[in-house]
Amino acid sequence: MVVFFVIVLLFYASVTSSVCGSDEEFHGALPDFTRIPIANDPVGSIEVVYPAHGAIEKAPVGFKTQINIRPEGAKLFASQYKNASVCVEVNGVVVDCSQIGGISEFRYYQAGNCTVRAYLKRSGLQEVVEEAMFDFESALVSFTVINENDYEEHIARAIRNNEANHRPGFRQSLVEWANLQLSQPSDRLLQRLKLAELINIRETEVQDDLQLIVGVRTAVVTHFFFRQAIRETWASKSALPTGVKVIFLGCRPIATVSKDEGDKLTQEAELRKWWEAIELEKRVYGDLLTDELDCDDSYSRLADKTKQFLRFAATNHPTAKFVMVADDDLYLRLDKVIARLQRLDQSKRYYAGHVRAIEDATKQRPIRDPESRNYLSNAQYALNELPPFALGANFFLSMDCVRFVARNHRRLRDLGGMDDISVALWMLSMQVHPKPFNGLNYLNSGTCRDDLVSLSDIHESAIRVIHTNIQERRRICHDFQRRVWLRQGIGASNKGHSRPLTFTRENLDFEFAWTGHLIATVSTKTRAGVKVAYFPANETFPTYLRKLCIQVIKTLPNAITTCANLNDQVRTQLQELHNKLAADTSVDTTQRIKWNLFLEET
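Structure, rendered in structure tokens:
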């Protein structure tokens, strides 16, 4: 179903009544009947999407209504409802009417139990009030308005209740998580590394059954807890459908540091901690791309991140049928996504998502305000109207479209942070136009729905709450509270200045000694070495290599890439040492025999 949003904001008035009542500027209760729409009417229904039914709010309450347009009805809606109005009734009294596409402010500020209903009328405002005849009406929504102190306590209590159900440490920072991993028993860390390396090995194999690759754009340094929430919920092994792969898109990481630089050596050490923590995350999970993508992790370069991911997908997963690009502040029903993609009658020239120009029947214009982070200058985009595009929070492309971007990545221009508009312009080069993919919901401009495919703009705690609802067979939106679920600070600018985390990965240096047992000393140019002894009577050589790998990871995180890579280096170094001993006639024969026996075991 396609949608149109009308946002109505209420402003302040001093009212002391405990029951939600009427405003003095508008009068007249609405009739209890509405005209039944004709069958070919482009409108299916109208509804109040905010506040949610049963919600607890504080004044001023912002009402949001939504007009649901029938499939393929956007053009007809634009012509038939050009001057239409949406009216809002609270407790049986019309409090305001506003033209579709406009924003009205009301004087309404009352505590107590309230009901709200929305109405749609083709004619203008004056005729609506005089005739009180409406084309469509919404279902009645009940909500309660309480004072600010009680409301803040209510929200705080709801947040505490949600977080009490999450695992301990669910909001750890990346560095905190890394420190915990390195303090754990070696066997546990090794097991996680082995699993990640197994995943990476499988990545090099052609996967004929791969239906969908989901690239989740993430801020590498600051959004670790979003990645963890996703890994433990909708992208977990138990929830991931067959034929679907999820990758986190980071680009070259950038950290924001205080403008007061302080001790530069201390700051440099802190930045290195972040970089080493990122490297550990990549080794443990095997699903995060950073310098594998030729881009910087910045909102202003979001289109470049998207382009580089599409290039990566076409190169590394050429057999996949579809690619999805998504933000990390969402819950995604991948079971519904893959089922819908499998029902498509096309697997080529496919570009889909939430397309406002179609679903909301609204034309989008470029933002010319230099203060907006979505600012587009005339030099970037000279036209006064944007092409129809799928919102960047989540959209889909068939692999042929992905390959087109990959082949032409150097020639295709982008609009900086406007990746969704950039993709639409790239697709226009192929004469591919966006199609609606229903069920992609956005909490910043809408509400939670039990039949959703995705819900964006949500807090990482809400990701976990939704997943728990699904696991326990409750409604997806069970215990939904917009203020609790909504991610705060969307679009907020970072304070401080940015520093790229570009540290050089050092090479490992090896020294070996044999004194009845093997002692390997591994170091780098800037860090002292770690010594690990091998006792053949007590352990196998593969066991020793695993032990060595863990110690190197903990001591030299700026050098090692994978345990498999370290193992190869150790074997190569030992073979070279053996060859030198074999050629040196001054070496005792017994010593050479010991090395021969040792190498046979490796």
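Numbered according to mature numbering (1 follows the signal peptide of the UniProt record, and there is no 0), the sequence shown spans residues -18 to -1, 1 to 584. Even for Gly, the Cβ is constructed at its ideal location relative to N, Cα and C.
message: Using the Cβ count rule (16 or more neighbours within 10 Å means buried), how would you classify Gln166?
response: The residue in question, Gln166, is exposed, as its Cβ has fewer than 16 Cβ neighbours within 10 Å.
message: Can you look up Met400 in the DSSP assignment and give me helix, strand or coil?
response: In the three-state scheme derived from DSSP, where H, G and I count as helix and E and B as strand, Met400 is classed as coil.
query: Which first and last residues belong to the beta strand (DSSP E) in which Ala37 is found?
result: Ala37 to Lys40 is the span of the beta strand (DSSP E), which, as asked, contains Ala37.
- request: Helix, strand or coil for Pro518, going by three-state DSSP, please let me know.
  value: Pro518: coil per DSSP, three-state reduction.
- prompt: Can you pull the DSSP bridge partners for Lys417?
  reply: Secondary-structure assignment with DSSP links Lys417 through a beta bridge to Ala334.
task: Let me know the secondary structure DSSP gives Ile236 once reduced to three states.
output: Of the three classes helix, strand and coil, the one that applies to Ile236 here is strand, per DSSP.
query: What residue range is occupied by the uninterrupted beta strand (DSSP E) comprising Trp496?
result: That run of the beta strand (DSSP E) goes Asp491 to Trp496.
Thr200 classed as buried or exposed, judged by whether at least 16 other C-beta atoms fall within 10 angstroms: It is buried - the Cβ of Thr200 has at least 16 other Cβ atoms within 10 Å.
query: Going by C-alpha distance, which of Lys64, Tyr91 and Asp132 is nearest Leu102?
result: Minimum Cα distance to Leu102 is reached at Lys64.
message: By the three-class DSSP mapping on this structure, what secondary structure does Met412 have?
response: In this structure, DSSP gives Met412 a state outside helix and strand, which the three-state scheme calls coil.
message: Can you confirm whether the region 367 to 382 touches the region 306 to 315 when touching is taken to mean that 3 or more C-beta pairs between the two stretches lie within less than 8 Å?
response: Because the criterion of three Cβ pairs below 8 Å is met, the region 306 to 315 and the region 367 to 382 touch.
field: the region 391 to 409 touching the region 421 to 441, judged by at least three CB pairs closer than 8 Å
entry: No contact exists between the region 391 to 409 and the region 421 to 441.
query: Along the chain, where does the alpha helix (DSSP H) that runs through Pro524 open and close?
result: Run containing Pro524: Phe523 to Thr537, per the alpha helix (DSSP H) assignment.
task: Throw me the rounded Cβ distance for the Val319 and Leu425 pair, which I believe falls under 8 Å.
output: So it is not a contact: roughly 18 Å between Cβ atoms.
- prompt: At a cut of 8 Å, does the region 338 to 352 reach the region 273 to 291 through at least three beta carbon pairs?
  reply: By the Cβ test, the region 338 to 352 is not in contact with the region 273 to 291, since fewer than three Cβ pairs between them sit closer than 8 Å.
task: Take the Cβ of Asn505 as the centre, count every other Cβ of all protein chains shown within 10 Å, and call the residue buried at 16 or more, exposed below.
output: The question names Asn, but residue 505 is Ser in the sequence shown. Around the beta carbon of Ser505, a 10 Å sphere encloses 16 or more other beta carbons of the protein chains shown; the residue is thus reported as buried.
message: Just to confirm my understanding: we take Leu253, look at its own chain, exclude 5 residues before and 5 after, and list those with CB closer than 7 Å. What are they?
response: Cβ neighbours of Leu253 beyond the five flanking positions: Ala237, Arg481 and Leu483.
Distance between beta carbons of Leu538 and Val512, contact taken as under 8 Å: The Cβ separation is near 7 Å, so the contact holds.
message: Please report the distance separating the alpha-carbon of Leu373 from that of Gln551.
response: Distance from the CA of Leu373 to the CA of Gln551, rounded to the nearest whole angstrom, comes to 47 Å.
Straight-line Cα distance separating Arg338 from Ala388: Ala388 and Arg338 have their C-alpha atoms some 27 Å from each other.
- request: With DSSP as the reference, label Asp278 as helix, strand or coil.
  value: Secondary structure of Asp278 (DSSP, three-state): strand.
Whole-angstrom distance between Gln470 and Leu164, CA atom to CA atom: Spanning the two alpha carbons is a distance of roughly 32 Å.
query: Grouping DSSP H, G and I as helix and E and B as strand, with all else coil, what is Gln249?
result: Helix.
query: Is the distance from the Cβ of Thr344 to the Cβ of Gly83 below 8 Å?
result: The answer is yes: Cβ separation under 8 Å.
field: Straight-line gap, Asn50 to Glu29 (C-alpha atoms, nearest Å)
entry: Across the structure, Asn50 and Glu29 are spaced so that their CA atoms are roughly 8 Å apart.
query: Who are Phe304's beta bridge partners in DSSP?
result: Residue pairing from DSSP places Phe304 in a beta bridge opposite Leu194 and Ser380.
message: With distance defined between alpha-carbon atoms, name the residue in Gln463, Ser155, Phe523 and Phe59 nearest to Ile260.
response: Cα-wise, what sits closest to Ile260 is Ser155.
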